[in-house]
Structure formats: structure tokens, C-alpha cells
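Student: Okay, here's the structure, questions in a sec.
Chains as they are written, first to last, in my numbering: chain A, 2 to 374; chain B, 9 to 155; chain C, 30 to 402; chain D, 12 to 177.
Take a look at the structure:
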């Protein structure tokens, strides 16, 4: 957590920390670190449960229902099972890299949560460059994934890892461009500030931005239909083919941790974070996060997987230009018409989104057969 | 309905083109000499009115004194079919020309026959054992094969 | 780096081994693929992991005793295998099958076609990465068909139902009402999974124009069944060489135009609808009477040879039987549909991506039991 | 204007899956919920009737696997065949049912039971009294319609789903 530590020195003054907080800053740090780790682990278990049950019911079967009431303890049972498994390292593997990879992949997934506000000011570090931090950190996982692919000395792993690197590098760009629209609207890079600015959720003001961010985010965190880094039909299990035991569990944790993180970021950026009537803010936040996660499960159930060249083409020919256009439109709207009534903007933006998507679908077909990247 | 062409008719046609190539015109099959097999197969495939463009199967039967290789050809255009056979009497090193060049579909089947029956197909692009491993003793479908 | 600024990388193709244990090789198929990055340069199929010497076993069993073993050829569609073998022996021995048995045979064969295409389509879509959802839906449908088979012959995988000269036993009284019920639900179910993926843009992009098998090559390679019909070869043995009583039913032969994966998938779904049509016509006219001709159990067909072929779900399935008028076949050759359909795979996948290799392979629909025998 | 290729296919598919989420699943939880198996079920054990068996060995002849071994002797006192040993190697049996079909005296039945796994390979070889019918080893109606009538009706998935949808 050294990075966070050093960054904390440059943070803004804590806004809503209780004035009588004992020990002040360090207690805050410890408290939130523990909370975050517990939160992430519990949410990952919940996510696994939701995914497996949701997938099951959508496939007209039941999903896990044996361990505990309604199978709620299934993730725990899985975790225990996977911890007790033998840790196998291939003979020809690069041992150090193979050992280090899951950790390097896992830590960034946790670190993203440092800047996610659970309610007003309730966050580990209210960085004024929060969203930049998120984007920077979230791509570090890729290094871990590539180390896993390389260190396993398995061709399937290597192919999966190379796909991952290529995809993440490409999808960072539409991801960032989609975020900039939100940042323009909010006028701040701090996630807490962005939430505070969302009197109307930005999903209505930035519908295209939401779609772009969702698609790019799905690709970045390896969710269907862009889950071709571990495409089990082609690459067996992609980069973690050669992993077992605890290290496999770490990758599993990374997968769902990143999904939860991405859902949390989307919630913060587009769904007005913790804001909502009646319920306490943290509950709103978790609810919205889970809804976004369920959306990911839903797409995963339904869609086939794109091919690697189509994935690239989608990033560069579809998402990237649309993200640029979205950015321009947002900028123009803010410059020219800063005091516009929100509902007019909502209407205009949704119309623009529909027109743009139809237009681009006309221009760009998702690789009708052979396609040059 | 797939019509089995009259063997006599085809036999006379072939005899006219390649004299001495027919060994026997059985009631439902045409037995040709293996030297002429490729030529006759090519003739059957390309001649107007015959056009046997579809290769159903190739099989081989061990009759102790000789091996019989059976080909069935079908014409999708005219919807008729013919069975041609060829025999090889050499038990030590039975050899038949390969028809893979004419019909790709014979590729794996000829390899299979080579594997299980031990008949060599001259001119096959990749004549290797297909089901059994290299070095498997003997050819199991031969009648004299004992475990 | 040359003076013109072109970077010349020297990349070497590498060999990736698919199978025999791989999630999507449909059994124990193995291929050594030579890849240039993600592009498939060449593949070399390796067979024999499920070779049981069925043809040799036939020579040591009675004519009736071989019927249970034909179940194990193409274990996805055993009814068709039984039918093909029985037809060959009947042709050899000149046996006339009673009318009622003919109708039952046709119903069974067409139900088998439905069941087989359920698996074929489901696993193909799953090979395209659709996360088992279509697979599950289609297995649900297949389950209903297996229930019917179970009711008739007491087995769910190895039916052993057809006999030389008819079928083993009459259908129970509750069979036709159950079939009626099934026929009532099936079109709706087909509709449902058509909605699921028929127009899915990602699936279109993955399959349209991918793995084109030209008509000429299909004929030259001896390809049969839905794969050939997908390439536009209007060849169906039920029409071209009607066996059983197929000349009494009205049905169409669906064909594709391009010969790509999508066409093959469409042809299979259309064929299912045609099968429903045939069953509907057949079940209305099932006559009463015996279901089995008077055939001795240890039948000794006259010396000679016979080749009978049927339009099995996967293509032309033929049995070439040589008899020496003993109780066992002198030689029994199986024309393996799956093996011959694989002939063109090498040409079809050259130049496509790894993901396409799996999709194309899945669209051919093979069973290793029949390939290796 | 057709809206294919504009994302309509994606949405249609998502509607199908969400419908399934709200629908009753079609699976059964096996050990607790059991379906009635087919009346003609070919279970994994043969049932043999000592009284009816005449020792003709038709079953042994027809068995494609050679799993049935039968030893007969002439009983001079009664002046008829007597079965001394009737042995089935269930490990070799492929449950094809040909022996039941061929038995001229209705002395053989397929088993109706399942879950009859054994711990040792040797236990799979069953002979004489082990093969008789017992409450744990009921006979199936395969090729014996008179038995099939008495067995419970098979549950069909088709009917189950129709019931639940109502």
C-alpha cells in the first residue's frame, strides 16, 4: 500500500471525517483499509453467488443450492476447497514470475476501491485526481496477467495473455475518453465531487458515454462478450491454465474483484454513486453496484464471444470515434449552453446516441467474415 | 431414386476406351485391373453422361487369396451409382493406386485401409497409420491377424 | 530496420496442440495447429484415441449381436446407426419390413435427427463462446426426446431398438400421446432459441463468411449431410435414394448459399423444422400390425454383399456388409460420416484465427465414436 | 428499415434470457426428487428365474459380450436338464437386452433398479441365487408387457414443464 500512502500526502483535506476522530488520519487509514478488504471479499463472494445463481436460472437450471441456505455458502465452500488444493507449478515454468503474477494482478484490483466513495466522504483517500488514479491502477493488473501467461510456459496461457495486453491497451482509450465526458460535466476529477455533482445521474446526461464505458470496461476486465483472454472454448482457461490452489483462487478473486470495481466505478460515474432516497447511502451504493454487475452477468449469459480482430476493430473503429464525438458534443454543450435545462439535454443526448449508434453500425460492420485490423 | 447403372453398359464403354482393363463384370459391380484403376476412375469422373463426382466410400475385404478394394461412386447430377472393385493378389505387399488426386474424400479412408488392412495406396500424399500408432504389429482387419 | 523505415520482424510459426483433452474438441479429437500469432497456417488432425476396432468386432458377432455395438459408433444418434445397419442386413437378406415398423422407424430416425441437431447447434453456439446458454436450452429439448426414446426402448443413450426386420418391440400405448405433447411444445422452443441468437450481431460477425466450404470442394471431399447442404449441395438421401418410406412424406431440403458456418447452423435449424413436419405426417398414419418380420435370431443371409446408406443426422451413414452365409458378417465396413466430413477441415481453417478454428470445427459436428470407430 | 445489425439481435437474446430467469427451472434435484423411470428401463442387473430356466443357453449364445456363463447337466432322476451354474459378469454387460429378448421361456428380465454400484470388481460377477428377483432387484418391463403394466407411469419432462407453466 506504499503508493496509496505516498499519495495520501497530497490529498485534499478530509472533508467529512468526524472532527473528533481519535488519532485522525492514521486511524482513518487503518479503519478503511480493513473495511475495504472485508468489503471486497464479501462483495466478491456475493458476486460469485449472484453470477452462478443468475447464470443458472437464465439457463433454466438452479445453480448452486446445496451449501447453506439457498446455497449462499457455496463461495465459502469453493474457497475452502481451492485453498486445500495442491499448488502445482509446471516444471518448465519461470517459478518467480509464476508465483508473483497472481499477487501483482490482485493488488490493483483492491487498490481501485481506495478512491471509491461509499457515502459522502466515506472513502480511504479522496484524491483530487481520483478517476485518473483508477484508470492508472486498473491497467496494472495486465502486467500480472501477462506475467502469468509468460511464467506458465504454456502456449495457451501465452496466447491468452497476449490477447489481454492487446485488448487492454486498445480499450484504455475509449474508456478514458468516455470518462472525460463525465469529468467535463462534473468539473472535477475527484470521485466524491463527481458524485456530489450528480443531481441527475450522468447516465441520462451521458447515455452514450455510459454505453462506451460499459463496453470498454467489460473488455478491460475480461467479461463476456469480450472474455477472450480466457476463452475456455479456445484457450482452455487462458492465462491461468497452469494455476491451481491458492494462486488460482487469487486469479478468481481478481476476476470478480475487478468486475465489482468496475461496477463500483460505473455506479460512481454514471449512476450518482451513493445518492438516493430513503435507504442509507452505502446500501444505495451496493445496490447500484450489484445492478451493474447483474447487467454484466446478463450479457455474459446471452452473448457469444467476439474474435480478437473484431475486438480490436470494435475498439478502434467503433468505440474510439464515438467516444471522441461524445467528448466533443459534451464539450460543446457545456461551452455553448451551460445553463440548459437538464431534461432538454437528456432528450438531445439520447437522440444523439441513437443516431450515432445507428450511423456507425451502418458504416462499420462488426467484421463480416475476414476483416483487416 | 438412385439408379445403379447397368454394369454391362459401363463395362463395354470402358472396354472400348481401355481394352483389357476389365477383369470381370459382376452383376452389381465392375471389377477392374488395378493397373487401369486410375485411368478408369478418371474416365468415370469426367465423362459426360457418367459424371461420378461424388465418392461414397472405399473399403477393402480380405478374401485370403486376394484383397478386394471396393469403391462406390455416385453422380449427384444424374443420381446414379456404380460400384467398382479392384483386386490385388500380392499378399506380402498389396498395392493399389490412390484415387485421392481425383476425390479428396478418399484421403482418410485410404489411410484407414492402409492402417487396418495393410494395402498400400500408391500416390497417396500422406500415407501414414491413422488410428493405430506407428509400429503397431500387423494389420488387424486381415483375416489372418491374430492377437 | 531497413533504410525505408520498414520494420522487418522475423516471426516464426509455432505449433499449438489442440486436444485430445480440450474443452471443445468434441471428444478426443486432436489437431496439431501451426499458428502464426493468432492465424492458423495449417492443421494436422490426429485420430485414433477412441479406436475400438468396431469393424473387427463385427466379424466376431452375430448379425443381431452387432446392433448394440452400432449404438457406440455415433453415440449422439444411435437410432440412425441402428437403422443404417439393419437396412444393410435387410438388403442383404431380402427381408420385407412390416408397415408399422417402417413408420416407427421413420419417427425414431427423425426424432433422432432432432436430438442430434440439438447437440450440434448447441455445441456449435457454445463453441462460438455463448457461455453454455444455448447448450443448456437445447439439452433441455433433447431431454424431452430422450424421455420418449427411454419410454420406447428403455435406454437413454444406447437404444438398441431397431432389429433386422423391424423394431425390437412395439411402442407403448402412452407413446403417441406423449409424442403429440412434445410436438406441441417443440416449435415454440425452436422459436425461442432462434430469438436467442439467430440475429445476434456478434454471432453473425463470428460466423458469416467464416470457414467457407465451396460447393465443388464439398462434393470432391465427399462431404455429406448438413455440411454439404450448407454449401449448397442439394443432396439428401431421403429424397435422392428414399429408404424406408421416406418417399411418402412431404418435406423440403434446406440448403445454404455461401457454405459458411452460419449457413451450416441455419441448415441444421431448418432441418429440425422439416423433421417436425415429417414426424407430424408419420404419427398421424401409424398403422396397426406387427412390428417385426419373422426373422430368425441367428440370421444367415445368403452369401453376397450389400451397401445400404441412410441420411443420418450428420450425413451419409453407410454399412457395407459382406456375408459368407454364416451367422456373422464376413466383413462389415462403416462409411463414417464424421471422418469423411473432417476431410475438408484443413482447407477450411487455413488463414483463419484460432477462435475461428474452433467455430469451424464445431460447425462440422462430428462424434469421435464414429471418427475412430 | 430493418433493424438487424443495429443491436436488435442482442436485445432479443437478452429478452429470452431474462424470461428464463423468471421461469421455473426445469431441473430436478436428483437424490431428493426422483422421477419415475421408464417402464422398459434396462437396468444394470439381470433378473433370472430359476424355475422357468431350462438351461437352453440361448441367452449365452446371443450375448454380444459373452457375459453370460451357463453350465447345465442332465439330471438322470427327472430325465431333464438342470442348470448347475448361471453366472453373469455385469462388468462386461452392455445392457443391450438381447438375452431377455431371445429367452424362449421368459426366464430372464432386465433389472428395474439402479444405483447398484459395487465396491469391488469381483462383486460384479453374479451367479445363481444373487440373480433371483428380490425387493431390491425388481424386474423391468423390457420385453415383458405384463410386468410393464404394473410399473408406475414414467414421468415425462414434457408433461412436467407444461404443468408448471400453467
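For glycine and all other residues, C-beta sits at the position ideal for the given N, C-alpha and C.
#1: Please tell me whether residue 235/A and residue 150/C are closer than 8 Å, where the distance is taken between their beta carbons.
#2: Give me, in chain order, the residues of the same chain whose beta-carbon lies closer than 7 Å to that of residue 68/C; leave out the 5 immediate sequence neighbours on both sides.
#3: Quick one: what does DSSP say residue 255/C is sitting in, helix, strand or coil?
#4: My guess is that residue 167/C and residue 112/C are in contact by the Cβ rule of under 8 Å, so how many angstroms apart are they, rounded?
#5: Should residue 44/D go down as buried or exposed, given a rule of 16 or more other Cβ atoms within 10 Å for buried?
#6: Taking 8 Å as the threshold (C-beta atoms), are residue 113/D and residue 70/D in contact?
#7: Hey, residue 41/C and residue 60/C: beta-carbon distance below 8 Å or not?
#8: In angstroms, rounded to a whole number, what distance separates the CA positions of residue 123/B and residue 82/C?
#9: With a Cβ-Cβ cutoff of 8 Å, do residue 251/A and residue 107/A count as a contact?
#10: If residue 52/B and residue 84/B are in contact, beta carbons under 8 Å, what's the gap, nearest whole angstrom?
#11: Does the Cβ of residue 35/D have 16 or more other Cβ atoms within 10 Å, making it buried, or fewer, making it exposed?
#12: Find the residues of chain C that neighbour residue 103/D, judging by a C-beta separation of less than 8 Å, and give them in chain order.
#13: Over the uninterrupted alpha helix (DSSP H) stretch that includes residue 165/A, give me the two end residues.
#14: Can you tell which of 366/C, 182/C, 290/C has the C-alpha that lies nearest to the C-alpha of residue 106/D?
#15: Taking only runs of the beta strand (DSSP E) that begin and end inside the segment 50-106 of chain C, which ones reach a length of at least 3 residues, in chain order?
#16: Determine which residues of the segment 140-157 of chain C have a Cβ less than 8 Å from any Cβ of chain D, and write them out in chain order.
#17: How about residue 36/D: is its C-beta nearer than 8 Å to some C-beta of chain A?
#18: Buried or exposed: where does residue 58/C fall if 16 or more other Cβ atoms within 10 Å of its Cβ makes it buried?
#19: Can you name, in chain order, every residue of its own chain whose Cβ lies under 7 Å from the Cβ of residue 157/C, other than the five neighbours on each side?
#20: Check whether chain A comes within 8 Å of residue 29/D, counting only Cβ atoms and requiring the distance to be less than that.
#21: Hey, how far is the Cα of residue 13/D from the Cα of residue 37/D?
#22: Given a cut-off of 8 Å, decide if residue 68/A and residue 157/A are closer than it, judged by their beta-carbon atoms.
#23: Let me know if residue 2/A comes out buried or exposed under the rule of 16 or more other beta-carbons within 10 Å of its beta-carbon.
#24: Any beta carbon from chain B within less than 8 Å of residue 272/C's own beta carbon?
#25: Beta-carbon of residue 51/C versus every beta-carbon of chain A: anything under 8 Å?
#26: In angstroms, rounded to a whole number, what distance separates the CA positions of residue 148/B and residue 252/C?
#27: Where does residue 59/D fall in DSSP's three states?
#28: Between residue 46/C and chain B, is there a C-beta pair that is closer than 8 Å?
#29: Tell me the residue span of the alpha helix (DSSP H) that contains residue 255/A.
#30: So which residues of chain C does residue 167/D contact, with C-beta pairs closer than 7 Å?
#31: When we look at the beta-carbon of residue 73/B and count the other beta-carbons within 10 Å, is it buried (16 or more) or exposed?
#32: Please tell me whether residue 139/A has its Cβ less than 8 Å away from any Cβ of chain C.
#33: Run the CB neighbour count on residue 350/A, radius 10 Å, all protein chains shown included, and call it buried at 16 or more, exposed below.
#34: I need the straight-line Cα distance from residue 345/C to residue 155/D, nearest angstrom please.
#35: In chain A, which residues lie less than 8 Å from residue 25/D when you measure between Cβ atoms?
#36: Going straight from the alpha carbon of residue 24/B to that of residue 30/B, what length do you get?
Tutor: Result, derived from the coordinates:
#1: No; because the gap between Cβ atoms is not below 8 Å, this pair is not in contact.
#2: 380, 382, listed in sequence order.
#3: Judged by DSSP in its simplified three-state form, residue 255/C adopts helix.
#4: The Cβ separation is near 23 Å, so there is no contact.
#5: By the neighbour-count rule (16 or more Cβ atoms within 10 Å), residue 44/D is not buried but exposed.
#6: With respect to the 8 Å criterion, residue 70/D and residue 113/D are classified as neighbours on the basis of their beta carbons.
#7: Between residue 41/C and residue 60/C, the C-beta gap is not smaller than 8 Å, which leaves the two residues out of contact.
#8: A straight-line Cα-Cα distance of about 12 Å links residue 123/B and residue 82/C.
#9: Between residue 251/A and residue 107/A, the C-beta spacing is below 8 Å.
#10: The Cβ separation is near 14 Å, so there is no contact.
#11: Residue 35/D counts as exposed, since fewer than 16 other beta carbons sit within 10 angstroms of its beta carbon.
#12: Per Cβ cutoff of 8 Å: no residues; residue 103/D is ~12 Å from chain C at best.
#13: Counting along the chain, the unbroken alpha helix (DSSP H) around residue 165/A starts and ends at 156-187.
#14: Relative to residue 106/D, the option among 366/C, 182/C, 290/C whose CA is nearest is 182/C.
#15: You should have 59-65, 68-75.
#16: Going along the segment 140-157 of chain C in chain order, one finds no residue with a Cβ nearer than 8 Å to chain D.
#17: Proximity of residue 36/D to chain A, defined by a Cβ-Cβ separation below 8 Å, is satisfied.
#18: Buried is the call here.
#19: Cβ-Cβ distances below 7 Å link residue 157/C to 232, 235, 236, 388 in the same chain, with the five nearest sequence neighbours on each side left out; the list follows chain order.
#20: It does: the Cβ of residue 29/D has a partner Cβ on chain A nearer than 8 Å.
#21: Here residue 13/D scores only 42 on pLDDT, less than 50, and its place in the model should not be relied on; the value that follows carries that caveat. Each residue's CA atom was taken as its position, placing residue 13/D and residue 37/D some 35 Å apart.
#22: Not in contact: residue 157/A and residue 68/A (Cβ atoms no closer than 8 Å).
#23: Caution applies to residue 2/A, whose pLDDT of 39 falls short of 50 and renders its modelled position unreliable; the model cannot decide the point.
#24: Residue 272/C does not count as touching chain B.
#25: Yes - at least one Cβ of chain A is within 8 Å of the one on residue 51/C.
#26: Distance between the alpha carbons of residue 148/B and residue 252/C is about 27 Å.
#27: Three-state DSSP puts residue 59/D in a strand.
#28: By this cut-off, residue 46/C is not an interface position.
#29: Unbroken alpha helix (DSSP H) run through residue 255/A: 246-271.
#30: What residue 167/D touches in chain C: 176, 207.
#31: Exposed, by the Cβ-count rule.
#32: So, not an interface residue.
#33: Around the beta carbon of residue 350/A, 16 or more other beta carbons sit within 10 angstroms, so the residue counts as buried.
#34: The alpha-carbon atoms of residue 345/C and residue 155/D are separated by roughly 35 Å.
#35: Around residue 25/D, the beta-carbon contacts reaching into chain A at under 8 Å are 299, 300, 303.
#36: Residue 24/B and residue 30/B have their C-alpha atoms spaced approximately 10 Å apart.
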